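If you want this note's numbering, it's the 1-based position in the sequence shown plus 64.
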Amino acid sequence: MLHVYLFLRFPSFGWFTDSIYLQLPPLIVKYGSCAMWELACTQYLAVTAIAINRCSAIAFPHGHKQRWRPRVADSVVFFVLAGGVIFVSPKMVLKTVEKYHVIDNVTRSATIVWDDLNILKYYKYISIVLITVVGMICIACYISIFWTSLQRHYKTSLARKNSAFSCTTSTIQSFPMLYLSPRKASHNFGLVRSASRSAQLAQLLERRELKLAWCGFIMFIFMSIYAIGVAHMDETQSVRAQEEKRSLWLVCTDLFSGINPILLMAVSKSIRSKYFAVLRCTCREKCPDSPRLSTFV
């Protein structure tokens, strides 16, 4: 994300256009032209890895519900980070020329324009296919998480109902004088069942698995918006048209990149606790406690 802001956002704002960006070497400009596609591929792989990790821990627990081993987790992280570089490596190898073009002479806003539009078309269609595959994988994983949470909740509620019924039967057999009329017993049972249903519904909504399923659905919505931004990438020779379409793509990228950490913090208690612990330590360093006033007797 830092590379995208450094090579695409800042020149589009008109910052240091004449002093820095128009004087950059061609190799750095070529890398800057690949930054957004590298970010896109890294985001796809990261979202897929998170969905598979949650699904393997909840819907298909392995090794008595163990988490991924550190080696497996490190390998997945390395693959996610290296996937973006591998994705843009053909663009880095090919002999193409990318330059910064000034769009507005007043604000000095500039953008990168590709000379070979066939490569741009290739990356555009590959990204659309990748978004479709990632979306299907995420939907399958989060639907399985949602279905597993519903099944576990149903089995738990059924076991509690059977245990409560067996306890009531044993109590009536032990104390026959506590026998209730069928009408009163059914009325009390209806009240208890309605109360238990509301409590069970509240408990179900607080379950982590259901939160994960809802987060997956929200993530899918933002991935759809992201796909719209990719599909609107222009392949014409017009510099203005490429900048307008790229601006829409960058807005979708900001939305998709910003929603992921918020959803992870909302679901994962460990990530949330670590984040707030670091935040509290930072606040204590910046705002130390004021010295206490000494009292004299």
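Don't be surprised by glycine CBs; every beta carbon is placed ideally from N, CA and C. Fair warning: this is a prediction, and the values are worked out from it, not measured in the lab.
>> Looking only at its chain, what residues have a beta carbon closer than 8 Å to the beta carbon of residue 116, apart from the 5 residues adjacent to it on each side?
In response: Once the five neighbours on either side are set aside, the close Cβ partners of residue 116 are 201, 205.
> CB residue 104 to CB residue 67, shorter than 7 Å?
Replying inline: The answer is no: Cβ separation not under 7 Å.
>> Once DSSP output is grouped into helix, strand and coil, what is the label at residue 166?
In response: Three-state result, residue 166: strand.
> In angstroms, rounded to a whole number, what distance separates the CA positions of residue 97 and residue 176?
Replying inline: Rounded to the nearest angstrom, the gap between the Cα atoms of residue 97 and residue 176 is 7 Å.
>> Rounded to whole angstroms, what is the Cα-Cα separation between residue 253 and residue 192?
In response: Annotation note: pLDDT 45 at residue 253 (below 50); position unreliable, coordinate value reported separately. Taken atom to atom, the span from the alpha-carbon of residue 253 to that of residue 192 is near 55 Å.
> How close, in whole Å, do the beta carbons of residue 144 and residue 109 come, if the pair is a contact with beta carbons under 8 Å?
Replying inline: Confirmed, Cβ separation roughly 4 Å.
> Apart from the five residues on each side of it in sequence, which residues of its chain come closer than 6 Å, Cβ to Cβ, to residue 314?
Replying inline: By the criterion of a C-beta distance shorter than 6 Å, residue 314 is surrounded by no residue of its chain, once the five residues flanking it on both sides are discounted.
> Mapping DSSP to helix, strand and coil, what is residue 208?
Replying inline: Reduced to three states, the DSSP call for residue 208 is helix.
>> Is it buried or exposed, residue 215, if we count other Cβ atoms within 10 angstroms and call 16 or more buried?
In response: Exposed, by the Cβ-count rule.
> According to the Cβ coordinates, are residue 187 and residue 86 closer than 7 Å?
Replying inline: In terms of Cβ geometry, residue 187 and residue 86 do not form a close pair [threshold 7 Å].
> residue 239: buried (16+ other C-beta within 10 angstroms of its C-beta) or exposed?
Replying inline: Residue placement at residue 239 is poorly supported in this model, since its pLDDT is 47, which falls under 50; the coordinates still yield a value, given next. Exposed: under 16 other Cβ atoms inside 10 Å.
>> Within 10 Å of its beta-carbon, does residue 70 have 16 or more other beta-carbons around it, so buried, or fewer, so exposed?
In response: Classified as exposed, residue 70 has fewer than 16 neighbouring CB atoms from the shown chains inside 10 Å of its CB.
> Quick one: is residue 154 buried, meaning 16 or more other Cβ sit within 10 Å of its Cβ, or exposed?
Replying inline: Burial check for residue 154: the Cβ neighbour count within 10 Å stays below 16, so the residue is exposed.
> Of all the options 330, 178, 102, which has the alpha carbon lying nearest to the alpha carbon of residue 93?
Replying inline: The shortest C-alpha separation from residue 93 is found at 178.
>> Checking the sheet assignment: what are the DSSP bridge partners for residue 175?
In response: DSSP lists 165 as partners of residue 175.
> Around the Cβ of residue 380, are there at least 16 other Cβ atoms within 10 angstroms (buried) or fewer (exposed)?
Replying inline: Any question about residue 380 goes unanswered here, given that the chain covers just 65 to 361.
> Hey, residue 113 and residue 140 are a contact pair by Cβ (cut 8 Å); roughly how many whole angstroms apart?
Replying inline: Confirmed, Cβ separation roughly 5 Å.
> With burial defined as no fewer than 16 other Cβ atoms inside 10 Å of the residue's Cβ, what is the status of residue 363: buried or exposed?
Replying inline: Outside the modelled stretch of the chain, which goes from 65 to 361, sits residue 363, for which no answer is possible.
>> Assuming contact is defined by CB atoms lying nearer than 7 Å, are residue 212 and residue 180 in contact in what I supplied?
In response: Not in contact: residue 212 and residue 180 (Cβ atoms no closer than 7 Å).
>> Can you find the residues in the same chain that come closer than 8 Å, C-beta to C-beta, to residue 287, ignoring five residues on each side of it along the sequence?
In response: Excluding residues within five positions, the ones whose Cβ falls inside 8 Å are 111, 195, 198, 199, 202, 320.
>> Short of 8 Å in beta carbon distance, which residues of its chain neighbour residue 168, apart from the five on each side in sequence? Order them along the chain.
In response: These residues qualify, in order along the chain: 78.
> Are the CB atoms of residue 173 and residue 302 nearer to each other than 7 Å?
Replying inline: Between residue 173 and residue 302, the C-beta gap is not smaller than 7 Å, which leaves the two residues out of contact.
> Run through DSSP, which three-state label would residue 252 get?
Replying inline: Confidence in residue 252 is poor, its pLDDT being 46 and thus under 50, which makes the residue's placement unreliable; the coordinate value appears in the next sentence. In the structure shown, residue 252 sits in a helix (DSSP, three-state: H, G or I).
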